[in-house]
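Participant: Protein chains in written order, with the working numbering: chain A, 71 to 161; chain B, 46 to 246.
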Amino acid sequence: MASHIISYKTLALTLGALLVLTCVTVGASYVDMGRLNVWIALGIASLKGALVVVIFMHMKYESRILVVSFISTLCFLAIMIGFTFWDIAFR
Amino acid sequence: MSLSSSTTDHTGKKLGMWLFLYTEIILFGGLFVLYAVYLTIHPQDFIDGGKELNRIFGFANTVILLISSFAVAAAITAVQKEQKKTALVALIVSLLCGLIFLINKYFEWGHKIHNDIFPNSETLINGPKGLNVFFGLYYVITGLHGVHIIIGMTVILVALIYTAKGKITPTRFTLLENAGLYWHLVDLIWIFIFPLFYLII
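(1) Do the CB positions of Thr56(B) and Ile75(A) come within less than 8 Å of each other?
(2) Assign Met127(A) to buried or exposed, taking buried as 16 or more other Cβ atoms, counted over all protein chains shown, within 10 Å of its Cβ.
(3) Using the beta-carbon of each residue, which ones in chain B are nearer than 8 Å to Leu81(A)?
(4) Tell me which residues of the segment 88-108 of chain B have at least one Cβ-Cβ distance to chain A shorter than 8 Å, keeping chain order.
(5) Can you pull out the residues from the segment 120-131 of chain A whose beta carbon lies closer than 9 Å to at least one beta carbon of chain B?
(6) List, from N- to C-terminal side, the alpha helix (DSSP H) runs of 4 residues or more that fit wholly inside the segment 118-187 of chain B.
(7) Give the range of the alpha helix (DSSP H) segment to which Ile151(A) is assigned.
(8) Suppose you measure from the CA of Ala159(A) to the CA of Ala135(B); what does that come to, to the nearest Å?
(9) Check whether the segment 193-209 of chain B touches the segment 227-240 of chain B, counting contact only when three or more Cβ pairs, one atom from each stretch, lie closer than 8 Å.
(10) Whether or not the segment 106-123 of chain A and the segment 238-245 of chain B are in contact is what I'm after, with contact meaning three or more pairs of Cβ atoms, one per stretch, closer than 8 Å; do they touch?
(11) For the candidate residues Ile109(B), Phe65(B), Asp161(B), Asp90(B), whose alpha-carbon lies nearest to that of Leu85(A)?
(12) For Ile76(A) and chain B, any beta-carbon pair shorter than 8 Å?
(13) Report all residues from its chain with a CB closer than 8 Å to the CB of Cys142(B); omit the five preceding and five following residues, and keep chain order.
(14) Can you give me the start and stop residues for the alpha helix (DSSP H) that Ser116(A) sits inside?
(15) Rounded to the nearest angstrom, what separates Leu106(A) and Ser99(A) at their Cα positions?
(16) Could you tell me the boundaries of the alpha helix (DSSP H) in which Met103(A) lies?
(17) According to DSSP, which residues form a beta bridge with Arg217(B)?
(18) In terms of residue numbering, what span does the alpha helix (DSSP H) encompassing Asp90(B) cover?
(19) Comparing the C-beta of His229(B) with each C-beta of chain A, is any distance below 8 Å?
(20) Would you kindly check if the distance between the Cβ of Thr154(A) and the Cβ of Val78(B) is under 8 Å?
(21) Which of helix, strand or coil does DSSP assign to Leu79(B)?
(22) Contact between the segment 168-178 of chain B and the segment 83-95 of chain B: three or more CB pairs below 8 Å?
(23) Is Gly211(B) buried or exposed, if buried means 16 or more other CB atoms sit within 10 Å of its CB?
(24) Please list, in chain order, all residues of the same chain as Tyr183(B) whose beta carbon is under 8 Å from its beta carbon, the five residues on each side excluded.
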């Protein structure tokens with residue numbers, strides 16, 4: 071099985087980035103920006119999630135079927151969230 | 046045994062694991078939709094609820110899970126590089142992280158329950174409706190996540206034993222990879238739980 075080996079250095083740098091982003095999200099929560107706070111928190115969380123999926127979960131080195139099926143799942147999630155709010159917003 | 050390894054479908058096993066993880070994403074996604082809808086209905090109660098949660102605990106648990114995720118990923122690299130000892134140490138570290146996470150959770154929940162904040166408690170039933178919903182979601186989502194931590198630790202323990210016994214090798218490590226994928230997903234979900242519950246202002 072020809073599998074890509076992720077170096078310890080890459081993994082450590084990813085961990086470092088994740089820890090820095092965690093501090094950033096905690097710091098941002100002390101600044102009151104109204105409704106923007108939730109979006110900033112979700113943005114940073116998504117960035118952290120992307121790092122976990124792409125590096126830790128090897129998605130960067132996976133075959134197309136995994137990449138496409140993962141993105142499809144995200145699209146499905148977006149449809150679920152989008153349609154729910156479409157309903158809630160116009161009641 | 047060594048002969049059968051040539052017929053093992055690694056890609057299929059991994060795809061199967063990912064298909065299962067997609068259902069997990071939708072499961073927690075559904076709960077996050079509930080959270081988002083109630084947040085728009087009761088914004089002030091959710092902010093008050095978030096202030097009740099201890100940020101230090103939340104932050105510590107985030108760091109712990111990130112380190113354990115790194116440890117599992119490092120264990121896979123170690124197995125691929127034929128560094129069995131490093132792999133075993135890394136897996137033990139990730140198990141310990143999981144344990145510390147659960148101990149933190151025990152104290153956190155214990156403190157809340159002591160302060161009469163739990164489903165069906167007098168404080169929540171007679172208090173604002175949104176606060177009741179916030180803590181209802183808090184207990185369901187962190188509880189379900191805690192169950193996932195326990196399952197993840199069990200799977201990592203199995204991978205640890207298999208690695209120690211030499212059943213996981215540089216050419217056959219799909220079990221370890223799938224255990225790692227599950228553990229990363231648990232981490233991924235916490236990455237969203239932390240700001241939504243602990244950092245809301």
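The beta-carbon is built from N, C-alpha and C at its ideal position, and this holds for glycine as well.
Facilitator: According to the data block:
(1) No, these two residues do not count as a Cβ contact at 8 Å.
(2) Buried is the call here.
(3) Ordered by position in chain B, the residues that pass the 8 Å Cβ test against Leu81(A) are Phe115, Ala118, Ala119, Thr122.
(4) Answer set for the segment 88-108 of chain B: Arg100, Phe104, Thr107, Val108.
(5) Cβ contacts with chain B: Val122, Val123, Ile125, Phe126, Met127, His128.
(6) The segment 118-187 of chain B contains these whole alpha helix (DSSP H) runs: 129-159, 167-171.
(7) Going by DSSP, Ile151(A) is part of the alpha helix (DSSP H) stretching over 134-159.
(8) So the alpha carbons of these two residues sit roughly 48 Å apart.
(9) Yes, since at least three Cβ pairs between the segment 193-209 of chain B and the segment 227-240 of chain B fall closer than 8 Å, the two stretches touch.
(10) The segment 238-245 of chain B, when compared against the segment 106-123 of chain A, does touch it at the 8 Å Cβ threshold.
(11) Of the candidates Ile109(B), Phe65(B), Asp161(B), Asp90(B), the one whose C-alpha sits nearest the C-alpha of Leu85(A) is Ile109(B).
(12) Chain B places a beta carbon closer than 8 Å to that of Ile76(A), counting this residue as a contact.
(13) Counting only Cβ-Cβ distances below 8 Å, and skipping sequence neighbours, we find Ile109, Leu110, Ile112, Ser113, Ala116.
(14) 106-121 is the span of the alpha helix (DSSP H), which, as asked, contains Ser116(A).
(15) Going by the C-alpha atoms only, they are around 10 Å apart.
(16) DSSP places Met103(A) in no alpha helix (DSSP H); its state is neither H nor E.
(17) DSSP lists Thr214(B) as partners of Arg217(B).
(18) Segment 88-97, the alpha helix (DSSP H) holding Asp90(B).
(19) Yes, His229(B) lies at the interface with chain A (some Cβ there is under 8 Å from its Cβ).
(20) The answer is yes: Cβ separation under 8 Å.
(21) When DSSP states are grouped into helix, strand and coil, Leu79(B) belongs to the helix group.
(22) Yes: at least three Cβ pairs fall under 8 Å.
(23) Residue burial is scored here from C-beta neighbours: Gly211(B) has fewer than 16 other C-beta atoms within 10 angstroms and is therefore classed as exposed.
(24) Closer than 8 Å at Cβ, skipping near neighbours: Gly94, Leu98, Phe242.
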